[in-house]
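To keep things clear, I will list the structure first and then write my remarks on it.
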Amino acid sequence: MRWTERQRAMLREMGVPPFWPEEAEAPAETVTESAAAPVLPVAAAGAPVAPPAVPQRPVAATPAAPARAPIGRPPAMADKPAPIEAPLGARPAGVDTMDWAALRTTVASCHACSLGASRKQAVFGVGHEQADWMIVGEAPGEQEDREGEPFVGRAGQLLDRMLHAIDLTRGEDAPARQVFIANVLKCRPPANRNPQPQEVSQCEPYLLRQMALVQPKVVLAMGRFAVQSLLKTSEPIGKLRGRVHTVQGVPVVVTYHPAYLLRNPADKALAWADLCLAREVRAEAG
Ligand code: URA
595 MRWTERQRAM LREMGVPPFW PEEAEAPAET VTESAAAPVL PVAAAGAPVA PPAVPQRPVA
655 ATPAAPARAP IGRPPAMADK PAPIEAPLGA RPAGVDTMDW AALRTTVASC HACSLGASRK
715 QAVFGVGHEQ ADWMIVGEAP GEQEDREGEP FVGRAGQLLD RMLHAIDLTR GEDAPARQVF
775 IANVLKCRPP ANRNPQPQEV SQCEPYLLRQ MALVQPKVVL AMGRFAVQSL LKTSEPIGKL
835 RGRVHTVQGV PVVVTYHPAY LLRNPADKAL AWADLCLARE VRAEAG
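Per the working numbering, residue 595 is the first one in the sequence shown, and the count goes up by one each step.
Structure (structure tokens):
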């Protein structure tokens with residue numbers, strides 16, 4: 595496989611070493627966060643390690659996932675809908691039939707759990723509303739809460755590099771290159787604590803509706819909370835990655851959260867294999 599210079603640079607940034615002998619090149623001189631990542635073990639002096647195995651493709655259907663009903667593109671909204679307020683503990687009704695505008699307004703004013711009181715703002719999601727790719731993370735952190743956009747901190751910078759490595763972007767570009775990025779929770783848990791089960795269940799209909807509206811060709815679920823809440827399982831990521839799951843009729847590929855990869859750079863090679871699997875799934879979807 596031949597990489598463009600840009601893709602090679604991105605792989606270096608992810609901390610993924612060159613996989614093929616003809617691709618081997620001197621390591622970058624500049625010390626970056628990922629250049630400091632441990633280089634994967636080398637089989638024999640000078641011989642690059644074999645590529646992380648791009649896994650076989652057993653498809654694991656999620657039994658609980660209902661079949662996705664065909665959903666049309668959201669109609670253009672002439673007027674902004676009035677916010678649908680719900681008392682604490684009550685989720686607004688009708689989320690599963692909302693269009694983008696109603697969903698955005700509802701999320702922005704949601705107080706279905708206590709995070710509505712501590713957040714600065716809800717973080718709805720970003721990207722193309724009909725993107726082929728949807729990325730699902732955990733919850734906004736401090737910076738996301740301040741800026742109103744998911745994945746803008748250090749983990750987000752790594753996510754952007756991962757996306758660029760497979761020629762995708764959150765920015766405005768050719769629609770085929772764009773993604774839609776959303777989190778399981780739309781509001782920041784205080785002090786960046788883990789999401790609580792009740793928060794996840796209150797917020798879940800928003801994410802499922804986003805998926806139904808985007809109708810992505812592949813979902814990349816990043817990290818334990820995204821994976822376990824979408825797939826309705828408590829299995830660890832290590833046991834779920836490497837195969838294709840299905841949620842609402844959409845193929846879901848599981849991988850590590852970028853924040854985890856920042857702490858465990860050696861696993862970037864596994865994440866790279868997951869990206870390759872997702873890219874394969876996307877290509878097969880036509
Ligand atoms: N981590 C996430 O999972 N989501 C964000 O938006 C930021 C950090």
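Quick reminder that beta carbons are idealized off the backbone N, C-alpha and C, glycines included. Note that the structure is predicted; figures quoted are calculated from it, not measured.
Say yes only if the C-beta of proline 769 is nearer than 6 Å to one or more non-hydrogen atoms of ligand 1, and no if none qualify.
-> As a first step, residue 769 must be located in the sequence shown, where it is residue number 175. Proline 769 Cβ: outside cutoff for every heavy atom of ligand 1.
How would you label leucine 869, buried or exposed, when you count the other beta carbons within 10 angstroms and need 16 or more for buried?
-> Here residue 869 is taken as the residue at index 275 of the sequence shown, counted from 1. Within a 10 Å sphere around the beta-carbon of leucine 869 sit 16 or more other beta-carbons, which makes this residue buried.
Residue of Glu736, Arg755 and Gln792 minimising C-alpha distance to glycine 747 | What you label residue 747 is simply residue 153 of the sequence shown in a count that begins at 1. Taking only the C-alpha atoms, the option nearest glycine 747 is Glu736.
Simplified DSSP assignment, three categories, for glycine 710 | Position 116 of the sequence shown holds residue 710. Note: glycine 710 maps to helix in three-state DSSP.
Nearest to phenylalanine 819 by CA position, among Ala725, Val875, Gln790 and Phe745, is which residue?
-> The residue labelled residue 819 in the question sits at position 225 within the sequence shown. It is Gln790.
Considering only residues of the same chain and omitting the five flanking positions on each side of proline 782, which have a CB-CB separation below 8 Å?
-> The residue given as residue 782 occupies position 188 in the sequence shown. A small correction: the amino acid at residue 782 is arginine; proline does not occupy that position in the sequence shown. Excluding positions up to five away in sequence, the list reads Leu709, Ser712, Arg713, Lys714, Val717, Ala733, Pro734, Gly735, Glu736, Glu738 and Asp739.
Shell residues, 5 Å Cβ cut-off relative to heavy atoms of ligand 1 | Cβ-based neighbours of ligand 1 within the cut-off: Gly731, Glu732, Pro734, Gly735, Glu738, Pro744, Phe745, Ala749 and Asn777.
Can you tell me whether DSSP reads glutamine 842 as helix, strand or coil?
-> On the sequence shown, residue 842 is found 248 positions in, with the first residue counted as 1. Glutamine 842 sits in coil when the DSSP states are folded into three classes, being neither helix nor strand.
Chain-order list of residues whose beta-carbon lies under 6 Å from that of asparagine 786 (same chain, five-residue window excluded) = The residue labelled residue 786 in the question sits at position 192 within the sequence shown. Answer for asparagine 786: Gly735, listed in chain order.
Check each candidate in Gly880, Glu878, His851 and Ala877 and name the one with the smallest Cα separation from tryptophan 866.
-> Residue 866 sits at position 272 when you count from the first residue of the sequence shown. Comparing Cα-Cα distances from tryptophan 866 to each of Gly880, Glu878, His851 and Ala877, the minimum goes to His851.
DSSP state of asparagine 777, grouped into three classes?
-> Residue numbering aside, residue 777 sits at position 183 when the sequence shown is read from its first letter. In the structure shown, asparagine 777 falls within a strand segment according to DSSP collapsed to helix, strand and coil.
From Arg803, Leu802, Met756 and Gly731, pick the residue whose C-alpha is nearest to that of leucine 864; which is it?
-> To locate residue 864, count along the sequence shown from 1; it is residue 270. Ranking the options by Cα distance to leucine 864, first place goes to Met756.
With a floor of 4 residues, list each alpha helix (DSSP H) that falls wholly inside the region 787-831, ordered by position along the chain.
-> Runs found: 791-808 and 818-825.
For the beta strand (DSSP E) holding glycine 731, just list the boundary residues, first then last.
-> One-based indexing of the sequence shown puts residue 731 at position 137. Per DSSP, glycine 731 belongs to the beta strand (DSSP E) from 727-731.
Among Ala695, Val720, Ala687 and Val847, which one has its Cα closest to the Cα of alanine 706?
-> Locating residue 706 in the sequence shown gives position 112, counting from the first residue. In terms of CA proximity to alanine 706, Ala687 leads the group Ala695, Val720, Ala687 and Val847.
Is it right to say lysine 826 is buried, meaning 16 or more other beta carbons lie within 10 angstroms of its own, or is it exposed?
-> In the sequence shown, the residue the question calls residue 826 occupies position 232. Using a 10 angstroms sphere on the CB of lysine 826, the tally of other CB atoms stays under 16, which defines it as exposed.
Which whole-angstrom value describes the C-beta separation of methionine 816 and threonine 763, a residue pair presumed to lie in contact below a C-beta threshold of 8 Å?
-> Residue 816 sits at position 222 when you count from the first residue of the sequence shown. Residue 763 sits at position 169 when you count from the first residue of the sequence shown. Not quite, the Cβ-Cβ distance comes to about 16 Å (not below 8 Å), so this is no contact.
Helix, strand or coil at glycine 750 [DSSP, three-state] | Translated into positions along the sequence shown, residue 750 becomes position 156. Here glycine 750 sits in helix by DSSP.
When the Cβ atoms of the region 795-808 are set against those of the region 829-838, are three or more pairs found closer than 8 Å?
-> Taking a contact to require three or more Cβ pairs closer than 8 Å, the region 795-808 and the region 829-838 do not qualify as touching.
For glutamate 874, the nearest candidate out of Leu814, Val821 and Tyr854 (CA to CA) = Mapped onto the sequence shown, residue 874 falls at position 280. Among Leu814, Val821 and Tyr854, the Cα nearest to that of glutamate 874 is on Leu814.
Straight-line CA distance for valine 844 to glutamate 741?
-> Walking along the sequence shown from the start, residue 844 turns up at place 250. Walking along the sequence shown from the start, residue 741 turns up at place 147. The straight-line gap from Cα to Cα measures roughly 30 Å.
Using the C-alpha atoms, what's the distance from glutamate 743 back to glycine 765?
-> For the purposes of this step, residue 765 is taken as residue 171 along the sequence shown, with counting starting at 1. For the purposes of this step, residue 743 is taken as residue 149 along the sequence shown, with counting starting at 1. Cα to Cα, the separation comes out at about 12 Å.
What whole-angstrom Cβ distance do valine 701 and tyrosine 800 have, given they're in contact under 8 Å?
-> By one-based count along the sequence shown, residue 701 stands at place 107. By one-based count along the sequence shown, residue 800 stands at place 206. Indeed, because the Cβ distance is near 6 Å, the residues count as touching under 8 Å.
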